Amino acid sequence: MEDFTLSTSENVPVYYDIATAGSRCVAFLVDYSIILLASMGLIVTVDLLRQFGFTSFSSYAIALIYVVVGTLTWGYFVISELALNGSSIGKRMIGLRVIKEDATPIDLVDSLTRNFVRYIDLWPGTCLVGFVVMMLNAKSKRLGDYAAGTIVVRTRAVGLDKLELGESSYDDTVSRSPYLNQITSEEYQLMRDFLFRYEKIPFSKAYEIATKITSGIAEKLHIEPPRGIENCILFLKSCIKYYRHKP
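For the sequence shown, the numbering used here assigns the number 17 to the initial residue and increments by one for each residue that follows.
1. Hey, Lys236 and Tyr195: beta-carbon distance below 8 Å or not?
2. In the structure shown, what three-state DSSP assignment does Leu252 receive?
3. For Trp90, collect the residues of the same chain with a Cβ closer than 8 Å to its Cβ; drop the 5 residues on either side in sequence, then sort them by chain order.
4. Could you pull the start and end residues of the alpha helix (DSSP H) that Phe138 belongs to?
5. With the cut-off set at 8 Å, would you say Ala164 and Asp137 are in Cβ contact?
6. Please report how far the alpha carbon of Ser220 lies from the alpha carbon of Leu211, in whole angstroms.
7. Do you know how far the Cα of Ile50 is from the Cα of Glu66?
8. Would you kindly work out how many angstroms separate the C-alpha atoms of Val62 and Ala79, rounded to a whole number?
9. So, using beta-carbon positions, are Glu202 and Ile233 closer together than 8 Å?
10. Straight-line CA distance for Val214 to Glu246?
11. Return yes when the Cβ of Ala54 is within less than 8 Å of the Cβ of Val168, no when it is not.
12. What is the DSSP secondary structure of Arg170, reduced to helix, strand or coil?
13. What alpha helix (DSSP H) runs, 4 residues minimum, are completely inside the stretch 80-154?
14. Under three-state DSSP, which class holds Ile217?
15. Using 8 Å as the threshold, is the C-beta distance between Ile122 and Lys116 below it?
16. Please work out which residues of its chain come closer than 8 Å, Cβ to Cβ, to Ser156, disregarding the five sequence neighbours upstream and downstream, and give them in chain order.
17. Is Arg158 near the ligand MN, going by C-beta to nearest heavy atom under 7 Å?
18. Taking just the CA atoms, how far does Asp188 sit from Phe147?
19. Out of Glu97, Ile225, Leu159, which has the shortest C-alpha to C-alpha gap to Trp139?
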C-alpha cells in the first residue's frame, strides 16, 4: 500500500493511502454480486408473472430485463457513490472511497463520467486494456478515473462515531460562534480525514497541515487561531463536534 499526497483547493496537503488494485477488485465483486442478485430477482419475477398468466406482460419482458439490468449496472454505482460520499456498498465494506484529485468529494458529473467509461473497462474486447492500465500505474487508476480526474483511496474502517472527540478547551468558544454554518461539507471532510491520519504523518508535516486547516476555519468562525499542534487538534475536534449539531 502506498501513501499519496493530495493538495486540496486551499493548497492544504493531505495524506491518503492508495487503494490497491486487489482491494478495488474485491469491492467490485461485492457490488457486482448485488447487481447480479437484483437482476436474477427481476428475471424470476418476470418468469413467475408469465406462469401466472400475465401473457401480455411477457412480450415486453425481455426488453424490460435488458433495460433494467443496464440501468442497474450503471445507475447503481452513480447513485451509491453520490449517496455514500464516494463509496458503494462494496467499497464501504472494504474501506474505500472515490475522491477528486484535489481531495474534494466527487459530484454528479464525475460519477457519471467514471461510470460511463466503466463499460470500456468491462467490455470483453477492451477489459484487458483497462486491467493492465490499472495494474501498471502507481495510483491504481482505471480508465474511468483518468477520464473523471478521480482516485480511489482507503478510509478508516471505523466510522466518525468511533473518533474520540472527548472534551476540549475550545468547546465553549466554537459552540458559541454564530458562523458555524460557514464551514462547508468539504472542510468538514478535510478536518475528519486529517484527524484520522495525522498520527501517521511526520510531525513537521502534521503541524504544517494542522496550522493551515485551523487558520482557515478559525478565520471563518472569527476565532483566534490556536497555536501548537495539540491545540490545533483540540480545536478541530470541537469544530467537528459542533458542526454535526449545527442548526
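Note that CB positions come from ideal geometry on N, CA and C, so glycine has one too.
In this text the structure is predicted, and so the values were computed from the model without any measurement.
Let me spell this out:
1. The residue given as residue 236 occupies position 220 in the sequence shown. The residue given as residue 195 occupies position 179 in the sequence shown. Their beta carbons are under 8 Å apart, which means Lys236 touches Tyr195 by this criterion.
2. Counting from one through the sequence shown, the residue named residue 252 turns up at place 236. In the structure shown, Leu252 sits in a helix (DSSP, three-state: H, G or I).
3. On the sequence shown, residue 90 is found 74 positions in, with the first residue counted as 1. Listed in chain order, the non-local C-beta contacts of Trp90 below 8 Å within the same chain comprise Asn131, Phe132, Arg134, Tyr135, local neighbours out to five positions each way being set aside.
4. On the sequence shown, position 122 is the one that residue 138 refers to. Before going further, note that residue 138 is Leu rather than Phe in the sequence given. Per DSSP, Leu138 belongs to the alpha helix (DSSP H) from 134-138.
5. Your numbering for residue 164 matches position 148 in the sequence shown. Your numbering for residue 137 matches position 121 in the sequence shown. No, Cβ-Cβ distance for Ala164 and Asp137 is not below 8 Å.
6. Translated into positions along the sequence shown, residue 220 becomes position 204. Translated into positions along the sequence shown, residue 211 becomes position 195. Going by the C-alpha atoms only, they are around 15 Å apart.
7. Here residue 66 corresponds to residue number 50 of the sequence shown, with the count starting at 1. Here residue 50 corresponds to residue number 34 of the sequence shown, with the count starting at 1. Reading off the sequence shown, one finds Arg at residue 66, where the question assumed Glu. Whole-angstrom Cα-Cα distance: 25 Å.
8. Taking the sequence shown and counting its residues from 1, the one referred to as residue 62 is at position 46. Taking the sequence shown and counting its residues from 1, the one referred to as residue 79 is at position 63. Rounded to the nearest angstrom, the two C-alpha atoms are 11 Å apart.
9. Indexing the sequence shown from 1 puts residue 202 at position 186. Indexing the sequence shown from 1 puts residue 233 at position 217. Result no, Cβ atoms of Glu202 and Ile233 do not sit closer than 8 Å.
10. Sequence index remark: in the sequence shown, residue 214 carries index 198 (1-based). Sequence index remark: in the sequence shown, residue 246 carries index 230 (1-based). Per the sequence shown, the amino acid found at residue 214 is Tyr instead of Val. About 11 Å.
11. In the sequence shown, residue 168 corresponds to position 152, counting from 1. In the sequence shown, residue 54 corresponds to position 38, counting from 1. Not a contact, by the Cβ cut-off of 8 Å.
12. Locating residue 170 in the sequence shown gives position 154, where the first residue counts as 1. The answer is strand: DSSP assigns Arg170 an E or B state.
13. 105-110, 124-132, 134-138, 143-152
14. The sequence position of residue 217 within the sequence shown is 201, counting from 1. Three-state DSSP puts Ile217 in coil, outside helix and strand.
15. Taking the sequence shown and counting its residues from 1, one reaches residue 122 at position 106. Taking the sequence shown and counting its residues from 1, one reaches residue 116 at position 100. It is a contact, given that the beta carbons lie within the stated cut-off.
16. In the sequence shown, residue 156 corresponds to position 140, counting from 1. Correct list, in chain order: Ile34, Ala35, Thr36, Ala37, Arg40, Met150, Val168.
17. You won't find the ligand MN in this model; it holds no ligand whatsoever.
18. Position 131 of the sequence shown, counting from 1, holds the residue named residue 147. Position 172 of the sequence shown, counting from 1, holds the residue named residue 188. Here the alpha carbon of Phe147 sits roughly 52 Å from the alpha carbon of Asp188.
19. As a first step, residue 139 must be located in the sequence shown, where it is residue number 123. The residue with the shortest Cα to Cα distance from Trp139 is Leu159.
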